[in-house]
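Asker:
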Amino acid sequence: MKQAITPTDIKPGTVYWILSYLGYVLLPFAGELTLWLLVCFAAIAVWRVLILRLGWYQPGSLARAAMAILMFFIVYKTQGGVFGRDAGLALLIVMTSLKLLELRNRRDAIICTLLGFLLILGSFLFSQSLLLALYSFFGVAIGFACLYQVNFDGPIAIKKRFQLSFQLIVISLPLMLALYFLFPRLPVGLFALPGASGATTGLSEDMSPGSINSLSQSDKPAFHAAFLNTQQVNGPFYWRAIILWQFDGRTWHRQTPRFRPNIDEAASGNTLNYEIIMQQDARWIPSLRTAITGPSGSRLLPGMIYRWPRHQTSRRRYRLTSITDYRNSDLYRAEYRASLQLPVTSPRVKQLANSWHQQYQNKSDIVKAALRYFRQQEFYYTLKPPLLGGDPVDEFLFERRQGFCEHFASAFVVLMRQAGIPARVVTGFLGAEYNATGGFYTVRQSDAHAWAEVWLSESGWTRVDPTQAVAPERIEYGMDAFRRMRQQGYETGQQSEQQIKTLLQLGFFNRTFFALRQQWDIINVSWYRWTVGFDTSRQKQFLESFNLNWSRWITHALGLLGTITLTTALAMLLLFRNPKKRSSALRSYDRFCQLFKRRGLPRYESEGPLTYGQRLCARFPHLATDIDQFLSPYILHHYGDKQADISSLNKLIKKLRVGLRQKR
């Protein structure tokens, strides 16, 4: 059996293990928090290595305290406070880094390793993906290997350390699974903490030239959707997420008009029931057509879209119901004003819109005229639009005529409002990739899109996509196909449907990649359904599938938990109640042992006062007389004559402390 090491200076190999382990667990924060935090850790880790290898200066307690105050101030300034997810994790990272500078003994090493476990838990505040879970699993294994390195003296092969680590993990799996499936769930998930609004990705609540184009290069999934009851749904899939009402001449804003939308009870049409699994935290909720029911806790906004009151980091799986043919009975006054708001527009924009207004009496004819204008004036849909000046709408319509979907949607809505037609910009996603094996659709960041909705008396709010007038291939075949067409040098509108289908046929490697990506999507969806989405309702369904009454099970589980807690508290109370009071001689001896322990020479548990004193005298020969003067009366009093004089013990401890300082 290996002999446990004493809490003396740890070996250099242990320090290297801890540095490597902490570096491993900090890697997931690289894309989430500011880079200086990782630079700070790397600099302190290098400093700690130089202390070991070259004997560099190791800061004392005052220097470390000053560094901690400085780091606290930097975190406060860079994070805008010390509360919230980002600020709290930043503080944890810098304090863990500073702890490396006082890494001297086994206790410090154990604390650093446990801080690593806490950092692993903190990484799940940003993402609960399967990849991060697998990465963290190996992080836990490395952490246990570090603990073995810290707590055992003598050589242990790396393979043996990891065998012991994985054995410990396997032993804990049954308890972990039992707690996961059976322990009562809270309505709010473990990772639904405040202060996470700064890490959102994807659609923005404002739209300016280039804001959606930046998403078109990312193939990361935005969300998955599954239609319930084996419904057959025909495209195109326009996922409405955000409605933009206010325009300042360059940027569209979400500023919503103040009125409470009501769902028309006379609404008709087919209903769509579907489930959404989000892959990112966001306040917007994507929905098809007109959503008439949304997830519990969400708010219905003007425009018939749902939105969370705050960012959701755990509730990413929910159901919605939409209606295909929904027509509002009339416009609210606030809605009417908001959908006609315009800043000062250029004379050319006014002239173009007014010419349509004077030429056509029917508003639907004005809409057709605008689409015809985009189609006939050689507008060009490009993934790399040129930069626009101070009046982007005028410059886009009459000079550049090159843009992405946000350019077309913005210009179209401005023209409609100028012509007296209520209109608004809608941002969301267009398209969906069907996974036949998994039975769900995947919508990717590259599917981000912007279009317009206009109010027509005969049909209510009507979707109009001006991009379709310029690049119909983008609408019909999706962004991925459109990008492949452009990469091969083909322009829009120049090929027949059969030519496009032939062009878009995948080669062997592309087919293999596509199949692997779909399989990975299936794994991800299953992971989110059974982990992130395993909430109270899901647990209830799981227990009822085994004929277990959910409410009765929860009552029993809470009762069992309370009984275990009370029993443990009572046992601890009885165990530590009225401890035997230590004598004055024992308290002095404890101080004596603590004094030399801080000098790197602790007393072994099996070591008596005489043996310990001999070892101390050999190490500190200049204090041999004082050590003997302390131990002689202590031994006499503790083991023999209780009347022996021990009044000088405390004075001798002070004398020994002075002698140790002089020796240093």
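No gaps in the numbering here: position 489 of the sequence shown is 1337 in this note's numbering, and each next residue is one more.
Don't be surprised by glycine CBs; every beta carbon is placed ideally from N, CA and C.
Between which two residues does the alpha helix (DSSP H) holding residue 1285 run?
Answerer: On the sequence shown, residue 1285 is found 437 positions in, with the first residue counted as 1. DSSP places residue 1285 outside any alpha helix (DSSP H), giving it a letter other than H or E.
Asker: Less than 6 Å between C-beta atoms, sequence neighbours within five positions excluded: which residues of the same chain meet that for residue 920?
Answerer: The residue given as residue 920 occupies position 72 in the sequence shown. Excluding residues within five positions, none has a Cβ falling inside 6 Å.
Asker: For residue 1300, write down the residues that DSSP places opposite it in a beta bridge.
Answerer: On the sequence shown, residue 1300 is found 452 positions in, with the first residue counted as 1. Answer by DSSP bridge pairing, in chain order: 1273, 1312.
Asker: Look at residue 1265 and residue 1301 and say whether their C-beta atoms are less than 7 Å apart.
Answerer: For this step, residue 1265 is matched to residue 417 along the sequence shown. For this step, residue 1301 is matched to residue 453 along the sequence shown. Against a cut-off of 7 Å, the Cβ pair of residue 1301 and residue 1265 comes out as no contact.
Asker: Between residue 877 and residue 945, which are expected to be in contact by the criterion C-beta below 8 Å, what is the C-beta distance as a whole number of angstroms?
Answerer: To locate residue 877, count along the sequence shown from 1; it is residue 29. To locate residue 945, count along the sequence shown from 1; it is residue 97. Not a contact, Cβ separation roughly 12 Å.
Asker: Which same chain residues, not among the five before or five after residue 1178, have their C-beta less than 7 Å away from its C-beta?
Answerer: By one-based count along the sequence shown, residue 1178 stands at place 330. Around residue 1178: no qualifying Cβ.
Asker: From the DSSP secondary-structure annotation, give me the bridge partner or partners of residue 1087.
Answerer: Start at 1 with the first residue of the sequence shown, and residue 1087 comes out as number 239. DSSP, once it has assigned bridges, lists 1136, 1277 as partnering residue 1087.
Asker: With a cut-off of 8 Å on the beta carbons, I'd call residue 902 and residue 886 a contact; round off their distance for me.
Answerer: What you label residue 902 is simply residue 54 of the sequence shown in a count that begins at 1. What you label residue 886 is simply residue 38 of the sequence shown in a count that begins at 1. Wrong, their Cβ atoms sit about 24 Å apart, outside the cutoff.
Asker: Pick helix, strand or coil for residue 1100, following the three-state DSSP scheme.
Answerer: In the sequence shown, counting from the first residue as 1, residue 1100 sits at position 252. Of the three classes helix, strand and coil, the one that applies to residue 1100 here is strand, per DSSP.
Asker: Decide if the stretch 1252 to 1269 is in contact with the stretch 1310 to 1318; the criterion is three or more beta carbon pairs, one per stretch, under 8 Å apart.
Answerer: Three or more beta-carbon pairs drawn from the stretch 1252 to 1269 and the stretch 1310 to 1318 are found closer than 8 Å, and the two stretches are therefore classed as touching.
Asker: What three-state label does DSSP hand residue 816 in the structure shown?
Answerer: In the structure displayed, the chain extends from 849 to 1512; residue 816 sits before or after that span and is not available.
Asker: Relative to the C-alpha of residue 1068, which residue among 1127, 1024, 1081 is closest?
Answerer: As a first step, residue 1068 must be located in the sequence shown, where it is residue number 220. Measuring from the Cα of residue 1068, the nearest candidate turns out to be 1127.
Asker: For residue 1138, count neighbouring C-beta atoms within 10 Å of its own C-beta (all shown protein chains included) and say buried if the count is 16 or more, exposed if not.
Answerer: Sequence index remark: in the sequence shown, residue 1138 carries index 290 (1-based). Residue 1138 comes out buried.
Asker: Is it the case that the Cβ atoms of residue 1260 and residue 1251 are separated by a distance below 7 Å?
Answerer: Within the sequence shown, numbered from 1, the residue matching residue 1260 stands at position 412. Within the sequence shown, numbered from 1, the residue matching residue 1251 stands at position 403. For residue 1260 and residue 1251, no; Cβs fall outside 7 Å.
Asker: Which same chain residues end up closer than 6 Å to residue 967 when comparing Cβ atoms and leaving out the 5 residues on each side of it in sequence?
Answerer: Within the sequence shown, the letter at position 119 stands for residue 967. Contacts found: 873.
Asker: To the nearest angstrom, report how far apart residue 1167 and residue 1124 are at their CA atoms.
Answerer: Numbered from its first residue, the sequence shown carries residue 1167 at position 319. Numbered from its first residue, the sequence shown carries residue 1124 at position 276. Rounded to whole angstroms, residue 1167 to residue 1124 spans 6 Å at the Cα level.
Asker: How far does the alpha helix (DSSP H) with residue 999 in it reach, from first residue to last?
Answerer: Here the question's residue 999 lines up with position 151 in the sequence shown. It spans 978 to 999 - the alpha helix (DSSP H) in which residue 999 sits, taken as one unbroken run.
Asker: Tell me whether the stretch 1457 to 1468 and the stretch 1440 to 1449 touch, counting them as touching only if at least three CB pairs, one residue from each stretch, are closer than 8 Å.
Answerer: yes
Asker: How about the stretch 1274 to 1286 and the stretch 1081 to 1088: do they share at least three Cβ pairs that are nearer than 8 Å?
Answerer: yes
Asker: Please report how far the alpha carbon of residue 1048 lies from the alpha carbon of residue 976, in whole angstroms.
Answerer: Along the sequence shown, read from residue 1 onward, the residue named residue 1048 stands at position 200. Along the sequence shown, read from residue 1 onward, the residue named residue 976 stands at position 128. Bear in mind that a pLDDT of 41 at residue 1048, under 50, signals an unreliable position, so the number given afterwards is only what the model happens to contain. Near 14 Å, if we compare the C-alpha coordinates of residue 976 and residue 1048.
Asker: For residue 984, which residues in the same chain have their Cβ closer than 7 Å to its Cβ, ignoring the five residues on either side in sequence?
Answerer: Taking the first residue of the sequence shown as 1, we reach residue 984 at position 136. Answer for residue 984: 968, 971, listed in chain order.
Asker: Should residue 1274 be labelled buried (16 or more other beta-carbon atoms within 10 Å of its own) or exposed?
Answerer: Position 426 of the sequence shown, counted from the start, is the residue given in the question as residue 1274. Under this definition residue 1274 is a buried residue.
Asker: Taking all protein chains shown into account, do 16 or more other C-beta atoms lie within 10 angstroms of the C-beta of residue 1309, making it buried, or fewer, making it exposed?
Answerer: For the purposes of this step, residue 1309 is identified with residue 461 of the sequence shown, where counting begins at 1. It is buried - the Cβ of residue 1309 has at least 16 other Cβ atoms within 10 Å.
Asker: As a quick exercise: from 1202, 1487, 1486, 1482, pick the residue whose alpha carbon is nearest that of residue 1501.
Answerer: Along the sequence shown, one-based indexing puts residue 1501 at 653. The option with the nearest alpha carbon to residue 1501 is 1482.
Asker: Looking at the secondary structure, which residues open and close the beta strand (DSSP E) in which residue 1126 lies?
Answerer: Numbered from 1 along the sequence shown, position 278 holds the residue referred to as residue 1126. 1119 to 1126 is the span of the beta strand (DSSP E), which, as asked, contains residue 1126.
Asker: Can you determine whether any heavy atom of the ligand SAH sits closer than 6 Å to the C-beta of residue 1171, and answer yes or no?
Answerer: What this structure holds is no ligand at all, so the ligand SAH is not there to describe.
Asker: What residue from 1223, 881, 953, 1390 has the CA that sits closest to residue 923's CA?
Answerer: Within the sequence shown, numbered from 1, the residue matching residue 923 stands at position 75. Per the Cα distances, 881.
Asker: Leaving aside the five residues before and after residue 1390 along the sequence, list all residues of the same chain whose C-beta is less than 7 Å from its C-beta, in chain order.
Answerer: On the sequence shown, residue 1390 is found 542 positions in, with the first residue counted as 1. Within the same chain, residue 1390 has close Cβ partners 1029.
Asker: At the level of alpha carbons, what is the spacing between residue 1460 and residue 1475?
Answerer: Here residue 1460 refers to the residue found at position 612 of the sequence shown. Here residue 1475 refers to the residue found at position 627 of the sequence shown. Distance between the alpha carbons of residue 1460 and residue 1475: 10 Å.
Asker: Can we say the stretch 1233 to 1247 touches the stretch 1194 to 1206, given the rule of at least three CB pairs closer than 8 Å?
Answerer: yes
Asker: Count the other CB atoms, across all protein chains shown, that sit within 10 Å of the CB of residue 1202; report buried if there are 16 or more and exposed otherwise.
Answerer: Mapped onto the sequence shown, residue 1202 falls at position 354. It counts as exposed.
Asker: Is the stretch 1219 to 1234 in contact with the stretch 1144 to 1154, if contact means three or more CB pairs nearer than 8 Å?
Answerer: The stretch 1219 to 1234 makes no contact with the stretch 1144 to 1154; the number of CB pairs closer than 8 Å stays below 3.
Asker: CB residue 1436 to CB residue 1497, shorter than 7 Å?
Answerer: Residue numbering aside, residue 1436 sits at position 588 when the sequence shown is read from its first letter. Residue numbering aside, residue 1497 sits at position 649 when the sequence shown is read from its first letter. Yes, Cβ-Cβ distance for residue 1436 and residue 1497 is below 7 Å.
Asker: Distance check for residue 1096 and residue 1054, CA to CA, integer angstroms please.
Answerer: For the purposes of this step, residue 1054 is taken as residue 206 along the sequence shown, with counting starting at 1. For the purposes of this step, residue 1096 is taken as residue 248 along the sequence shown, with counting starting at 1. So the alpha carbons of these two residues sit roughly 11 Å apart.
Asker: Looking only at its chain, what residues have a beta carbon closer than 6 Å to the beta carbon of residue 1186, apart from the 5 residues adjacent to it on each side?
Answerer: As a working note, residue 1186 is residue 338 in the sequence shown. 1093, 1105.
Asker: According to DSSP, simplified to helix, strand and coil, what is residue 1266?
Answerer: For this step, residue 1266 is matched to residue 418 along the sequence shown. In the structure shown, residue 1266 sits in a helix (DSSP, three-state: H, G or I).
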